[in-house]
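FYI, the numbering for the sequence shown is 0 to 636, going by numbering that gives the first Met the number 0. By construction, the Cβ of each residue, glycine as well, lies at the ideal position given by its N, Cα and C atoms. The structure under discussion appears below in the form of structure tokens.
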Amino acid sequence: MHTSELSDAGLPDVDILTRMVNQLFSALPSSASGELPSAALPGVQAPVGLLPGGFPAGAPDAPISATLAVPESFGSGLPLSEAAPQGFGLPTEAQLQERIAPRAALQQTAPLTAGAALFYFLEPERVAEQAVSSVVQSKFSGFPSPVPNPLAVVPSSHGSDFLKVGAAPAGFGLPSDSELLALLTPSQFGMSAAPQRSGNAPFYFLRQPGVQVPGWPASGLQSGTGAAAFDINLVRRDFPILQERVNGRQLVWLDNAATTQKPNCVIERLKYFYQHENSNIHRAAHELAARATDAYEGAREKVRGFLNAASANEIVFVRGATEAINLVAQSWGRQYLGKDDEIIISWLEHHANIVPWQQLCAEKGAKLKVIPVDDNGQIVLDEYAKLLSPKTRLVSFTQVSNALGTITPAKKIIDMAHDVGAKVLVDGAQAVSHLRADVQYLDCDWYAFSGHKVFGPTGIGVLYGKEALLNETQPWQGGGNMIKDVTFEHTQYHQAPGRFEAGTGNIADAVGLGAAIDYVNCIGIDAINQYEHQLLLYATGLLKTIPGLRLIGTAPDKASVLSFVLEGFKTEEVGAALSRDGIAVRSGHHCAQPILRRFGVESSVRPSLAFYNNCADVDALVSSVRRIKSGRNSAPH
Ligand code: PLP
0 MHTSELSDAG LPDVDILTRM VNQLFSALPS SASGELPSAA LPGVQAPVGL
50 LPGGFPAGAP DAPISATLAV PESFGSGLPL SEAAPQGFGL PTEAQLQERI
100 APRAALQQTA PLTAGAALFY FLEPERVAEQ AVSSVVQSKF SGFPSPVPNP
150 LAVVPSSHGS DFLKVGAAPA GFGLPSDSEL LALLTPSQFG MSAAPQRSGN
200 APFYFLRQPG VQVPGWPASG LQSGTGAAAF DINLVRRDFP ILQERVNGRQ
250 LVWLDNAATT QKPNCVIERL KYFYQHENSN IHRAAHELAA RATDAYEGAR
300 EKVRGFLNAA SANEIVFVRG ATEAINLVAQ SWGRQYLGKD DEIIISWLEH
350 HANIVPWQQL CAEKGAKLKV IPVDDNGQIV LDEYAKLLSP KTRLVSFTQV
400 SNALGTITPA KKIIDMAHDV GAKVLVDGAQ AVSHLRADVQ YLDCDWYAFS
450 GHKVFGPTGI GVLYGKEALL NETQPWQGGG NMIKDVTFEH TQYHQAPGRF
500 EAGTGNIADA VGLGAAIDYV NCIGIDAINQ YEHQLLLYAT GLLKTIPGLR
550 LIGTAPDKAS VLSFVLEGFK TEEVGAALSR DGIAVRSGHH CAQPILRRFG
600 VESSVRPSLA FYNNCADVDA LVSSVRRIKS GRNSAPH
């Protein structure tokens, strides 16, 4: 240390010491306890609109989309052996075959065959849907799309004891110096992925004189590199709960359809809000009210971009998907539905998308009709067409089934409903963490989702609605915040979204949801989609080799969910035995009793994947289920 950096007493300056300590810790990948830049670097104030995670809210140097094309390996129609995107540390299709075939032969069950329509992205219709969706999204929202991926690709060994693929990095499986440097900046804030920028330093504070991260490429990261990739090992470090020990073992979280885990940046964002911004919004003239309002409205704008809505006025904050659906039923439904009008839902629905419509029908004398599914769990479009008529006022359906994982042909269902003049609500609760949601492309009238299923906090969710539709709908709850003027005789309501946000909302958690969306955008929803798809194939292939295991829901177009029953065992027994091995899955009816009964069961075991799961998680599940089936006890801890 230079003597000029010592105080009069000969002691180092506290600010300089703090900076050095921060630099030291930031040099360790994902080691940061999530210390925030403004706090970590004395004297550097976070400019308005910049979040602690380093993400600008609409700042001029915000991530810019550089690629409009669908990644090469997505829906490319390549032969299966070449279709697996590289760089995730996941096996290629050929390696999967190699891995599964001998095991399958051993079990005398059919091996996973190429061409057994497991690849939904080889389905031409879906490819077209994704392609249009990607272009629309990047054109209108300004978010990076569909890749370029911000991360340097670190060779990865995924830790699977079933399968080791790809070159393990030289040494001990640790990244090299240059790989570390490329990853260093984002990881110090509990994030493994850096936003795409060109020319500028990755975070605003790096532009401060004297604050440098050695090795950050002066020209910024290269964009448009093609196939998306992220390093699963680094991503996992962003989720502290994945280090938790349960029953003496490291947690394997496979209950993502119930709720997702939270990355450090979300946890830290909530803390930052309560430490530096907490106030009620919109009402006061003081500084903290302005900060809280900026943060809350900033989150609304992030949701707008995430859904590619045309305006932030179309984004209503609610408690979750359940409340969003009830809002539509109790406001629009009560206002516009009458006797003998018809509502169509699908057989796949969660109770949250059944019960509110039943209640409304009972009140109004309207009828509820249900689209059947086939034996794989796919919506039967021909039957749907027969249900549609001028009496149909509303079609409400899930984009991804929570019990089976089926991805429904959303665009087609919506277009067919609009052809008969019906409105459409899409339940996106299970979709948003796996698929690109683009409400302008889909052209749905409403779209509902819950923050906690997309790595955000509980107690916050979103109802998207077309602006004109929201404004012509009477509010369902009255109170503060949603009014323009009140006399004892009459009340004038705000336009949307205010008219649907009566009372004090869940301000902090809305802000936390904004941070979660930043995180997802940073990795890239298309990269997530591809990675999870490969992992789902891997898991499906292995589960199929277990004797007596029946998969419930085998649609070619699926996301995340692997529902099954195990011959000779109650589902709750399987769930409890897995829990003893540290593996969290849901067992029960998953609030979707009609669809399980359609398959002749009252309950199922439901592992469900997110992008922070890896092959090792799947391997742990598979060996545990095998052990349960064989009646052996768990291995000692
Ligand atoms: N819709 C679907 C498809 C779901 O899976 C869920 C929850 O699991 C919901 C709606 C309800 O979500 P929430 O309980 O967060 O309101």
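Give every residue of the same chain whose Cβ lies closer than 7 Å to the Cβ of PHE448, excluding the five residues on either side of it in the sequence, and list them in chain order.
-> Excluding residues within five positions, the ones whose Cβ falls inside 7 Å are ALA320, GLY427, ALA428, VAL431, GLY460, VAL461.
Can you pull the DSSP bridge partners for TRP252?
-> DSSP output for TRP252 lists ALA583 as bridge partner(s).
C-beta neighbour in chain D for PRO355, strict 8 Å | Among the chains in the structure shown there is no chain D, since it carries only a single protein chain.
If LEU608 sits next to GLU531, beta carbons under 8 Å apart, how far is it from one beta carbon to the other, in whole angstroms?
-> That pair is a contact at about 6 Å.
Three or more C-beta pairs closer than 8 Å, one from the stretch 592-601 and one from the stretch 573-582: is that the case here?
-> A contact is defined here as three or more CB-CB pairs under 8 Å, and the stretch 592-601 fails this definition with respect to the stretch 573-582.
Rounded separation between LEU386 and CYS590 - CA only = Each residue's alpha carbon lies about 25 Å from the other.
Would you give the residue range spanned by the beta strand (DSSP E) that SER395 belongs to?
-> Start and end: 391-397.
Would you tell me roughly how many angstroms separate the C-alpha atoms of THR472 and GLY523, rounded to the nearest one?
-> Straight-line Cα distance between these residues: approximately 35 Å.
Beta-bridge pairing of LEU367 - partner residues as DSSP gives them = For LEU367, which the question treats as bridged, DSSP gives the partners ILE342.
Alpha carbon to alpha carbon, what distance is there between THR503 and GLN476?
-> A direct Cα-Cα distance of roughly 12 Å separates GLN476 from THR503.
For LEU561, which residues from the same chain have a beta carbon less than 8 Å from its beta carbon, with the 5 sequence-adjacent residues on both sides left out?
-> These residues qualify, in order along the chain: GLY404, LEU535, ALA538, THR539, LEU542, LEU550, ARG605, PRO606, SER607, LEU608.
Looking at GLY630 and ARG268, is the spacing between their C-beta atoms short of 8 Å?
-> No, the Cβ-Cβ distance between ARG268 and GLY630 is not below 8 Å.
Taking 5 Å as the limit, tell me which residues put their C-beta closer than that to any heavy atom of the ligand PLP, in chain order.
-> Listed along the chain, these residues meet the criterion: GLY319, ALA320, THR321, HIS349, ALA351, THR397, ASN401, ASP426, ALA428, GLN429, SER449.
Curious, which full-length beta strand (DSSP E) runs of at least 3 residues does the stretch 538-598 contain?
-> Segments of the beta strand (DSSP E) lying fully in the stretch 538-598: 548-551, 562-565, 585-587.
Measure the alpha-carbon distance for GLY574 versus SER586 and round it to whole angstroms.
-> Linking GLY574 to SER586 through their CA atoms gives a straight-line distance of about 6 Å.
ALA447 (DSSP reduced to helix, strand or coil) = Reduced to three states, the DSSP call for ALA447 is strand.
When the Cα atoms are used, what is the spatial distance from ILE482 to GLY464?
-> Rounded to the nearest angstrom, the two C-alpha atoms are 19 Å apart.
Contact set for VAL394: own chain, Cβ-Cβ below 6 Å, skip 5 residues either direction = Once the five neighbours on either side are set aside, the close Cβ partners of VAL394 are ILE343, ALA416, ALA421, VAL423.
Taking SER602 as the reference, give the member of GLY552, LEU620, ILE527, ALA309 with the closest Cα.
-> Looking only at GLY552, LEU620, ILE527, ALA309, the smallest Cα-Cα distance to SER602 is reached by GLY552.
Report yes if the C-beta distance between ILE516 and ILE280 is below 8 Å; otherwise report no.
-> Contact flag unset, no.
When the Cα atoms are used, what is the spatial distance from ILE649 to THR486?
-> Within the shown structure, residues of the chain are numbered from 0 to 636, placing residue 649 beyond reach of any answer.
Can you say whether ASP339 is buried or exposed, counting buried as having 16 or more other CB atoms within 10 angstroms of its CB?
-> The residue is exposed, with fewer than 16 neighbouring Cβ atoms inside 10 Å.
Report buried or exposed for ARG392, applying the criterion of at least 16 other Cβ atoms within 10 angstroms of its Cβ.
-> ARG392 is buried by the Cβ-count criterion.
Tell me, which residues are paired with ASP418 by DSSP?
-> ASP418 is not bridged to any residue.
Would you list the residues sitting across from VAL245 in a DSSP beta bridge?
-> In the DSSP assignment, VAL245 is bridged to ARG248.
Relative to the alpha-carbon of VAL453, which residue among ARG626, ALA284, ALA514 has its alpha-carbon at the smallest distance?
-> The residue with the shortest Cα to Cα distance from VAL453 is ALA514.
Run through DSSP, which three-state label would PHE610 get?
-> It is coil, neither helix nor strand.
Simplified DSSP assignment, three categories, for VAL431 | It is coil, neither helix nor strand.
Using only alpha-carbon positions, find the residue among VAL624, HIS588, ASP556, GLN533 that is nearest to GLY567.
-> Distances from the CA of GLY567 to each of VAL624, HIS588, ASP556, GLN533 were compared; the closest alpha carbon is that of VAL624.
Where LEU620 and PRO496 are concerned, what is the direct C-alpha to C-alpha distance, given to the nearest angstrom?
-> As the crow flies, the alpha-carbon of LEU620 is around 44 Å from that of PRO496.
Residue closest to SER250, alpha-carbon to alpha-carbon, out of PRO593, VAL584, ASP444, PHE610 | The amino acid occupying residue 250 in the given sequence is Leu; Ser does not appear at that position. Selected option, being the one with the closest Cα: VAL584.
Range covered by the alpha helix (DSSP H) that runs through LEU233 = Taken as a continuous stretch (DSSP letters only), the alpha helix (DSSP H) holding LEU233 covers 231-236.
Would you give the residue range spanned by the alpha helix (DSSP H) that GLN491 belongs to?
-> Segment 490-492 is the beta strand (DSSP E) holding GLN491; no alpha helix (DSSP H) there.
Could you give the residue range of the beta strand (DSSP E) that holds GLY304?
-> For GLY304, there is no enclosing beta strand (DSSP E); the residue is part of the alpha helix (DSSP H) that begins and ends at 286-306.
So what's VAL617 in DSSP terms, helix, strand or just coil?
-> Helix at VAL617.
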